[in-house]
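Numbering (my numbering), first residue to last: 66 to 445.
As structure tokens, the structure follows; a few thoughts come after it.
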């Protein structure tokens, strides 16, 4: 048998068999990999499309999670401190909330309805006074001209969409309510379902993450609720002291807008200023100075004291989140921007601790977990 050419080594039977096998399987293996890659890209594209098209439904679902967290925050302690099971405690909490809202509505409904009717009549008067003032100024006439050519026609054109908008928001509200009730009724079903989507070695840490998120959202909601109550009551007392009409309705509006930190009270100042303007410019000045003082006292004294015990969010980060989500997703993004920012803060803390190895973040997480009521992931 002739020797192989110089510079080459004889190939073994194993080499020849593996080479021929690879050559035989090469096209099929490449095709299968291409199918897998295309399938993954298509699935990712479909999920992205569903996310973009259903982003507002997802935000409404997140609103439902906030409702579930709030209901759980009251139901779990009640169940632990009484003979009631968790679900019976939840039923008691829901009935108590409905009873308080019903009693408050029954007692205040006549005054609120009357003042709301007055608000509907006085706002056009106030706006007319502002328009009359602007007509007397050169720059004011320019603003009115731009508004009549741009804003007002678009309002008239889109007026027919009001019913559609109300229906859409009603749908979001129902989604949030049902998600909140079902989520609060059986939190373990959903939290453990999320935990089982990750590998076994990471499940304990994901449970810690869920506990930390629940703890953060729970205390943020409680703290923000106290701040809203303080803002609404203080505004109501302030307007009543100055003899401004519609004090109850305006206080409710400002209190509800307090759910949006920093920017909410600024938005609430608009109806307050419009109604105060109908009582004269001097009283308007006094009311707005007092309103600003109350908001500064609330923002720089009361809220920091509440957040020191609850959850602190950096103001710049909060406002940037509100503006960004509000501009991209509209009102619903603007309203839910702050709790989403709280979620992002917790996620960033876990990222720093587990990925970057930040010891300070790891210690803060451990301290939060020690303080947290981990029943959010375990109570049935």
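Think of the CB as a built atom: it goes at the ideal place given N, C-alpha and C, for glycine as much as any other residue.
Only counting the same chain, and skipping five residues up and downstream in sequence, which positions put a Cβ closer than 6 angstroms to that of residue i?
| i | result |
| --- | --- |
| residue 244 | 126 and 129 |
| residue 90 | Per-residue confidence for residue 90 stands at a pLDDT of 49, beneath the threshold of 50, marking its modelled position as unreliable; no derived number is given. |
| residue 398 | 390 and 391 |
| residue 425 | none |
| residue 147 | none |
What's the gap between the Cα of residue i and the Cα of residue j?
| i | j | result |
| --- | --- | --- |
| residue 330 | residue 360 | 7 angstroms |
| residue 367 | residue 286 | 16 angstroms |
| residue 384 | residue 328 | 8 angstroms |
| residue 236 | residue 154 | 28 angstroms |
| residue 110 | residue 104 | 10 angstroms |
| residue 351 | residue 421 | 53 angstroms |
| residue 356 | residue 326 | 16 angstroms |
| residue 382 | residue 388 | 10 angstroms |
| residue 377 | residue 143 | 26 angstroms |
| residue 315 | residue 306 | 14 angstroms |
| residue 98 | residue 260 | 30 angstroms |
| residue 135 | residue 152 | 14 angstroms |
| residue 113 | residue 106 | 10 angstroms |
| residue 288 | residue 380 | 15 angstroms |
| residue 218 | residue 100 | Summary for residue 218: the model assigns pLDDT 45, below 50, so the residue's position carries little reliability, and this model does not support an answer. |
Only counting the same chain, and skipping five residues up and downstream in sequence, which positions put a Cβ closer than 7 angstroms to that of residue i?
| i | result |
| --- | --- |
| residue 434 | 273, 276 and 277 |
| residue 415 | 274 and 430 |
| residue 255 | 248 |
| residue 338 | 349 and 353 |
| residue 295 | 363 and 367 |
| residue 344 | 309 |
For residue i, count the other beta carbons within 10 Å of its own beta carbon; 16 or more makes it buried, fewer makes it exposed. Which is it?
| i | result |
| --- | --- |
| residue 140 | buried |
| residue 233 | exposed |
| residue 487 | Residue numbering for the chain in the displayed model covers 66 to 445; residue 487 lies beyond these limits and cannot be assessed. |
| residue 336 | buried |
| residue 230 | exposed |
| residue 158 | buried |
Could you tell me if the beta carbon of residue i falls within a distance shorter than 6 angstroms of some heavy atom in the ligand PLP?
| i | result |
| --- | --- |
| residue 245 | For the ligand PLP, the structure offers nothing, since it holds no ligand at all. |
For residue i, collect the residues of the same chain with a Cβ closer than 8 angstroms to its Cβ; drop the 5 residues on either side in sequence, then sort them by chain order.
| i | result |
| --- | --- |
| residue 239 | none |
| residue 405 | 127, 386 and 390 |
| residue 293 | 320, 321, 323 and 324 |
| residue 407 | 281, 282, 285, 376 and 378 |
| residue 263 | 271 |
| residue 411 | 274, 277, 278 and 281 |
Task: Length-filtered (4 minimum) alpha helix (DSSP H) runs lying within the stretch 309–362 - done: Qualifying alpha helix (DSSP H) stretches, in chain order: 312–322, 328–342 and 346–362.
- [ ] Note down, one range per segment and in chain order, each alpha helix (DSSP H) of at least 4 residues found wholly within the stretch 374–424.
- [x] Runs of the alpha helix (DSSP H) inside the stretch 374–424: 380–394, 396–400 and 402–419.
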